[in-house]
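Take a look at the structure set out below.
Numbering (our numbering), first residue to last: 16 to 179.
This is how it looks when you write it as structure tokens:
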């Protein structure tokens, strides 16, 4: 409760009295999860400094839903606090698949900045790049193509990427 309301002093007091920073409430949320969801960064950092771990059950589904709902601030907070941008849903879709399918340029850029894999395949064999092409957004396809080229160059140690 203290973490979800941003009560830093109470969280600090509870930590001093050896409260379990990774306890889970009846809804499956930890104090760190609550602090991250509600945007209380000072509380989240305090919890992290004291051993809290951000674990998100079914992270792929959660992140895909956050992307579909365009909750950019929440997405960024989850990524900053360590949720894997390549987490997959039940059908192996990543948040980048959803962003590409919906034509969400900003979201795709954020995910790529946090290491999302542009070549990750869902259960039908589609990549986020395929989804971007299907969406028809040329600027988005350009972003995804650039990410693909950068990834390819890193894997073969390119020194230069030729211009399009």
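Ideal placement from N, C-alpha and C gives every residue a C-beta, glycine not left out.
Rounded to the nearest angstrom, what separates residue i and residue j at their Cα positions?
i, j, result
"residue 63", "residue 47", "8 Å"
"residue 131", "residue 94", "10 Å"
"residue 159", "residue 112", "11 Å"
"residue 127", "residue 21", "30 Å"
"residue 121", "residue 135", "19 Å"
"residue 23", "residue 108", "37 Å"
"residue 34", "residue 66", "11 Å"
"residue 52", "residue 72", "14 Å"
"residue 147", "residue 89", "23 Å"
"residue 40", "residue 114", "31 Å"
"residue 117", "residue 50", "28 Å"
"residue 44", "residue 157", "38 Å"
"residue 143", "residue 36", "36 Å"
"residue 61", "residue 86", "24 Å"
"residue 153", "residue 119", "12 Å"
"residue 110", "residue 155", "15 Å"
"residue 81", "residue 70", "16 Å"
"residue 26", "residue 151", "48 Å"
Count the other CB atoms within 10 Å of the CB of residue i; is the residue buried (16 or more) or exposed (fewer)?
i, result
"residue 149", "exposed"
"residue 100", "buried"
"residue 166", "exposed"
"residue 140", "exposed"
"residue 175", "Note that residue 175 scores a pLDDT of 43, beneath 50, so its modelled location is shaky; the value from the coordinates is reported in the next line. Flag for residue 175 reads exposed."
"residue 79", "buried"
"residue 28", "exposed"
"residue 129", "buried"
So is residue i in contact with chain C if we call contact Cβ pairs under 8 Å?
i, result
"residue 48", "Here chain C cannot be found, since the structure has a single protein chain."
Comparing alpha-carbon positions, which option in the options lies nearest residue i?
i, options, result
"residue 106", "147, 154, 156, 74", "74"
"residue 96", "68, 78, 114", "68"
"residue 57", "17, 118, 86, 87", "17"
"residue 55", "19, 146, 163", "19"
"residue 124", "151, 163, 138", "163"
"residue 76", "59, 49, 29, 98", "98"
"residue 102", "119, 85, 133", "133"
"residue 137", "42, 84, 104, 26", "104"
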